[in-house]
Every structure is written in structure tokens, then in C-alpha cells.
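Residue numbers (our numbering): 1 to 187.
Have a look at this one:
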């Protein structure tokens, strides 16, 4: 099962056969942050209950990669086969979240918890879901399969299969607020 999951992640990046040369290239020569992270993530999950020494070895490596690449994804997160992380930086996923097969994650996105109300909890994401840059998905909601979530969208409600979610239009106000934010200028 471990080999199947790792191979599916590599296939999403166009690599259909894993060899020592491919691993050395992915990890050291031309590092692919998303693929490197997911390989160590899968190994950490695999050895969690099988080998305490190897679990801690990969756990510490995963922790190092979290800081290096800006992926705050807990080893407890349930992630299906074929996860693709296109760009590194600012990806936050709650440890209790569930993500289906063949999903794409973009930079700056968050899958997080809601701590109050009827939607208290974490999201469940279906298969074949694209989550755009800086999107946020919060609460005990379900995102169906074959869903596209656009850049900067904030999702707090269930999304049915086959839907596309776009962020709301920006609101302009006729007032200069820059002096409240830009302080201690040099002139």
C-alpha cells in the first residue's frame, strides 16, 4: 500500500517509474518540494504503528521539511492517492482533515477548523478537487468530488459534486485608509 501511494504521487508529477536516480534527482539534484514532502509524509504515516525508530526518523525529517517549505500538514491527516502540491509555501491543513484522491493544492491555502456553531469541526474533501491559491476551507463541511475552488475563495458551506467556487467581488470605498496602515515613513 505504501508503494502504491508514493507511486501515485509521483505519477501526478509525470514520473511513472521510481528508481534510485529519480529519488536522488527529486531529493537533491533538482528538488521538487511537494514530491519530497509527500514521500516523507507517506513514510511517516506508514511507520507510525510499525516501527517506532523509523517513525521518529521520518517524523523529524518531515518536521524539518515543514519549516523549510512552509507546508504545515500533520502526519495524522488522511490524504488519498495522487496528491499534487504545485508550489511551496503557506499550505496549512488540520490534522483531522480528510482529503480524497487526485487533489491539487496551491500555495497559501488553508483547510482548517471551526471552533463554534453547527459547523464545528474540520472539512472532508472529495476526489479530483483543485484548491486555488490563498483559498480557505473551514468547518465541518464536505467538499464534493470534481470541484474547483478559485483563488482567494473562503468556503464555509458544503459544496456539491461538479461545482466551481469563485471568490466574491471586491468592494471599493471612496476613502483613503493608507495613513492608518503606512506609518513611520522616511520623509
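Idealized CB from N, CA, C, for every residue including glycine.
Treat the numbers as computed from the prediction; the structure is a model and nothing was measured.
Where residue i and residue j are concerned, what is the direct C-alpha to C-alpha distance, given to the nearest angstrom?
i, j, result
"residue 76", "residue 11", "23 Å"
"residue 97", "residue 78", "7 Å"
"residue 101", "residue 128", "6 Å"
"residue 73", "residue 140", "18 Å"
"residue 81", "residue 99", "9 Å"
"residue 18", "residue 7", "7 Å"
"residue 55", "residue 183", "48 Å"
"residue 189", "residue 123", "This structure does not reach residue 189, given that the chain is present from 1 up to 187, and the question cannot be answered."
"residue 51", "residue 1", "16 Å"
With a 10 Å radius around its C-beta and 16 neighbouring C-beta atoms as the bar for buried, classify residue i as buried or exposed.
i, result
"residue 36", "buried"
"residue 159", "buried"
In the DSSP output, which residue or residues are listed as bridge partners for residue i?
i, result
"residue 138", "112"
"residue 148", "130, 164"
"residue 6", "None, per the DSSP bridge assignment."
Is there at least one Cβ from chain B nearer than 7 Å to residue i's Cβ?
i, result
"residue 147", "No chain B appears in the structure shown, which is made up of a single protein chain."
Query raised in the report: What are the uninterrupted segments assigned as beta strand (DSSP E) that are 3 or more residues long and contained completely in the stretch 58-136, given in chain order?
Result: 71-73, 91-93, 110-112
Query raised in the report: Contact between the stretch 31-46 and the stretch 109-116: three or more CB pairs below 8 Å?
Result: By the Cβ criterion, the stretch 31-46 is not in contact with the stretch 109-116, since fewer than three pairs of Cβ atoms, one from each stretch, lie closer than 8 Å.
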